[in-house]
Structures are given as structure tokens and as C-alpha cells.
Amino acid sequence: MLSLKKEEWFSNIRTDVLAGLVVGLALIPESIAFSAIAGVDPQVGLYASFCIAVSIAFFGGRPAMISAATGALALLMITLVKEHGLQYLLAATILTGIIQIIAGYFKVAKLMRFVSQAVVYGFLNALAILIFAAQLPEMGQMDSIGYVFVAFGLAIIYLFPYLPKIGKAIPSPLICIVVLSGLALFLGADMRTVSDLGHFPDTLPIFLIPEIPLNLETLKIILPYSLTLATVGLLETMMTTTVIDEITETDSDRHKECRGQGMANMVSGFMGGMAGCAMIGQSIINVTSGARTRLSTLVAGVFLLCLVVFFKDWLAYIPMAALVAIMVMVAFTTFQWGSVKQFNQHPMAFNVVMIAVVIVVLATHNLALGVFVGVLLSALFFINKLESTVHVSTHLKHENARTYVISGQIFFSSADKFYQFFDFKEPLKTVELDLSHAHIWDVTSVNMFNNVVQKFKAQNIEVVVIGLNEASSTLVDRYQKS
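Under my numbering, the first residue of the sequence shown is numbered 1375, with each subsequent residue one higher.
Pasting the structure below:
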């Protein structure tokens, strides 16, 4: 157990610390931006990112994944903050955590198996576009020097790793921040910096209990928001977990991650922060910078707080162009270029699902809704495919006997199609139903099968059933009288 803990924390110290520093810097502008979206003071988002990142480092089930305040959840808080204020948001955040802990113990993460690869590709591609689009307002405020800085920053990020010896030792995004900050200071360039984003907190977060009446009316107000926040938060977290698992080629404990997200949100609510979840962009920055352990997540959270509370004057030297360059890199890394290159090789259903997810997410800015639509479409295409496998061939065994050979999956969607294959008016004495290559799945198909048998018997035709497998036979015996 001790070696496992050491492996999870201290097996990659230098790279994890450096990657955590990069992520800590990248969290600052987004935390402030998400606070603005939710309609709260910047310190609410900053406190949330610190509390959630530090908490998830200890309680989460996926090492090296970054959790903090996110845009997807900030969008869901707008109405609550506008109508009831910050204190109700803090209470909703605490309740969100409780719901997520319960979901973790009930192993809700198992539902992720219904998310197909097409949905994941659509999710990632839409997210990449949103991340890139989020940089456009900042780029729109830049002059020619700003664009030069962004281009130079991207060159550093992509070319620095190829330098001998030191290229792999230090994360290139960190070099980008240091070089561009030093260059801006040396040139005396008049550029927007991180400190222009808003007011930073002056003190560490403290424990507090939301100042709200503890009654049923309060619960009625916050419960709908908490349920939505918990659902969207876990969905985005599980999607991020899938991506980071693939990048690092390691496994994670999804149920523990659900519980960890809940604990982190409870800590955030009690410390004056908003609800959050896993951040795919920052998580990709972290792991592509070489991070692999929980130490990187802890460093990111602690460094974020130290910067905004103790070293906020230093932020005046970090140009926004450096962070824009990093986020553009994240967008290009997140986008699944293989899904475009292999577009003609994928089945039509795969491409339709992927494109539908992208369109819905871009139209609504709601990642959860996009995934829901994708899962629904995937299910419909799968059902249609199974339905098309049902086939019945027939031949006369002798003059007064006919054999029907049934193949495929018979269930609620294919039951009507199955029924239409039979000719009940043909003058016969015996009908043989061969189900050696078929499977009966549900009560609807059992009832339809019984209808076929009864329809033949009503014409005084003897029915012989052969080849029914054990599972189908058990189902027929159990429900044939229903």
C-alpha cells in the first residue's frame, strides 16, 4: 500500500511539479472568466479552483487529472445567482457534492459504457472548437505585436520539445510563459496581462456556512440546480477520465473519482467557492507536459492560490498572449484529427452521431446535452441495425407442412417485422418454427411469438418449435401466459 501511494505521488516529481506550475497559471484566466459567466466575484471561481484541485488530488480516482471551476457548470448557475444570490449558490454547491458522493457509491459511472466512440469524438471535437473560439475575444483586442507574441508562443510550444537534452526536461508551455513574459518586459510592450482580468483576492479562503434558512423552501430552490450541476459535472468528468486514460494508457477508478468530485465540491462550497468538475483542456496540458501523479494536481491548486494571493504583482508581467498560445495548443491537441482523415472510412451512422454531437454542443454550449443526443442517436442506429438482422426463410417440408427458419435478434423493435414474415392463410397441417439461429430478448417479442403460434393454431395448424436456446426458452415459459 505504501509503495502504491509513493507511485501515485512521488514517482515523477520534477515533471509533475513543472507541469503543475503551468496548469496553475492556465487556471487563473479561466477561473476568473467562469466567475464572470456565473455572475459572481472572481475570487469565487479562484477559491473554487484551488479547493477542488487540492481536494481531488487526495480524494480522486484519476491521478494527474485537473478539476476546478468550469464553464459548463458556470452556465448552469446564472439563474440561481441572479434570482437568489451567492449564498444559495454555495448551498447548491454543497448539495451537488453530496449528490455526487451518493452517485459514486451507487456506481453511476457504469453508465459511461453507453457512450460510443463516435460520441467521444464529437465531444472532443466540439470542445476543441469551443476552447479555440473562447480565445477569439482576447485575440480581437490584440494589436500586431500581440499576434506576433501568440505565433512566437506557439513556435516555442511545438519546437522546444525537439531541443536536445532540455527539450523533454521542461514543459514547453512553461517556457512559453517565461520567455514571453521576459520579452514583454524587455520590450516594454503595452499588452494585456493576466492582472487585467479582474480583482484578485487578498486573503486565503476560510470555512463558512452559507447564510440561508435551513428549511424545505430552500431545498426546493437549490435541489433542481444541484441535480443538474451534479449530472453535468459527473458527465464531463467521466468523459475527461476516458480521454486521459487513453493518453496515459492507464486505468482509473471511476467510482472513486465520482466520490472525490463530490468531496471536492463540498469543500469548495464550505470555503466560498462554486461547483466544478474535471477540466479536459487543463488535464491535457498537464499530461502532455509529462505529469502522471497526484502531485501535479496538488501543485496546480496550491500554486494558483499562492499566485493570486501572495504574488499577484508578478502576474502583471505575464501577457495574455502567452496563455492564448497555450489554449490554442490545447484546442489543436484536443481535436481528433483522425476522425476527419478517416471520415470516409467510418460508417455513416458513426459520422452522423459525431457531427450531431458537435452541432448540438456548438449551438447550445452544453456538453451534456450534446452527449445525451449522441447517446440517443447511437442507440437508435444500433437498434435499427439489430432490427435489420431479423430474417425468416421458408420452404415446404412436404405437401402439408412448412418450415420457417428464423434468424436474428427478436426484441421490441423487430417484433412487428418478425410477425409479418408468416402466411397464416396457407392451407397446412403442420408448421415448424426453427429458432436455432434466433434469440428472443424481451416480453414484447415473447408476446409476438405467442401471437404467431396462437394464430396458426386458430387455423387448426399444428405448431412445432425447435432450436429455441435456453435463455429464450426460459423467457417464453415465464411470460407466455401474460
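Think of the CB as a built atom: it goes at the ideal place given N, C-alpha and C, for glycine as much as any other residue.
Have a look at residue i and residue j and give me their C-alpha separation to the nearest angstrom.
i	j	result
Val1552	Ile1531	12 Å
Thr1707	Ala1699	12 Å
Val1704	Ala1502	8 Å
Ile1468	Asn1589	15 Å
Thr1667	Leu1420	23 Å
Ala1638	His1573	24 Å
Leu1679	Val1455	24 Å
Val1745	Gly1650	18 Å
Tyr1536	Pro1547	14 Å
Ile1406	Gly1394	19 Å
Val1682	Phe1560	23 Å
Ala1696	Phe1526	9 Å
Phe1644	Thr1662	33 Å
Val1839	Leu1760	23 Å
Val1482	Lys1539	45 Å
Residues in the same chain with beta-carbon distance under 8 Å from residue i, minus the five sequence neighbours each way, listed in chain order, please.
i	result
Phe1709	Leu1498, Asn1499, Ala1502 and Ile1503
Met1513	Gly1520, Tyr1521, Val1524 and Val1698
Ala1742	Ala1446, Thr1605, Val1606, Leu1609 and Glu1610
Can you have a look at residue i and say buried or exposed, based on whether 16 or more other CB atoms are within 10 angstroms of its CB?
i	result
Asn1758	exposed
Asp1517	exposed
Ile1730	Correcting the residue identity first, residue 1730 is Ala in this sequence and not Ile. When all chains shown are included, Ala1730 counts as buried.
Tyr1599	buried
Gly1634	buried
Gln1474	buried
Pro1801	exposed
Leu1376	Note that Leu1376 has pLDDT 43, beneath the 50 cutoff, so the model's placement of it is unreliable and the number below is only indicative. Exposed, because fewer than 16 other Cβ atoms sit within 10 Å of the Cβ of Leu1376.
Val1714	exposed
Asn1660	buried
Gln1716	exposed
Met1822	buried
Ile1426	buried
Could you pull out every residue in the same chain whose Cβ sits closer than 6 Å to the Cβ of residue i, ignoring the five residues on either side in sequence?
i	result
Asn1825	none
Val1805	Arg1776, Phe1830, Ile1835 and Val1837
Leu1842	Leu1809
Asp1627	Gly1435
Phe1795	Val1766
Tell me whether residue i sits in a helix, a strand or coil according to DSSP, three-state version.
i	result
Arg1776	strand
Leu1582	coil
His1629	helix
Gly1459	coil
Gly1646	coil
Thr1567	strand
Leu1399	helix
Pro1693	strand
Leu1557	helix
Ile1618	helix
Val1676	helix
Ile1835	coil
Asp1390	helix
Thr1708	helix
Leu1809	strand
Ala1665	coil
Who are the Cβ neighbours of residue i in its own chain at under 7 Å, not counting the five residues just before and after it?
i	result
Gln1515	Arg1566
Glu1631	Gly1434, Gly1435, Arg1436, Thr1611 and Thr1615
Ala1690	Thr1567 and Ser1569
Any beta carbon of chain C sitting closer than 8 Å to that of residue i?
i	result
Met1645	Here chain C cannot be found, since the structure has a single protein chain.
Check whether the Cβ of residue i sits closer than 7 Å to any heavy atom of the ligand MN, and report yes or no.
i	result
Leu1578	Among the ligands in the structure shown, none appear at all, so the ligand MN cannot be discussed.
Which runs of the beta strand (DSSP E) spanning at least 3 residues fall entirely within the stretch 1721-1798, listed in chain order? 1765-1772 and 1775-1784
Going residue by residue through the stretch 1417-1453, where are the continuous beta strand (DSSP E) segments of at least 3 residues, counting only ones entirely within it? 1441-1443
For the stretch 1514-1549, which segments carrying the alpha helix (DSSP H) assignment without a break, of at least 4 residues, lie completely within its bounds, in sequence order? Counting only runs of 4+ residues, the alpha helix (DSSP H) found wholly inside the stretch 1514-1549 occupies 1518-1533, in chain order.
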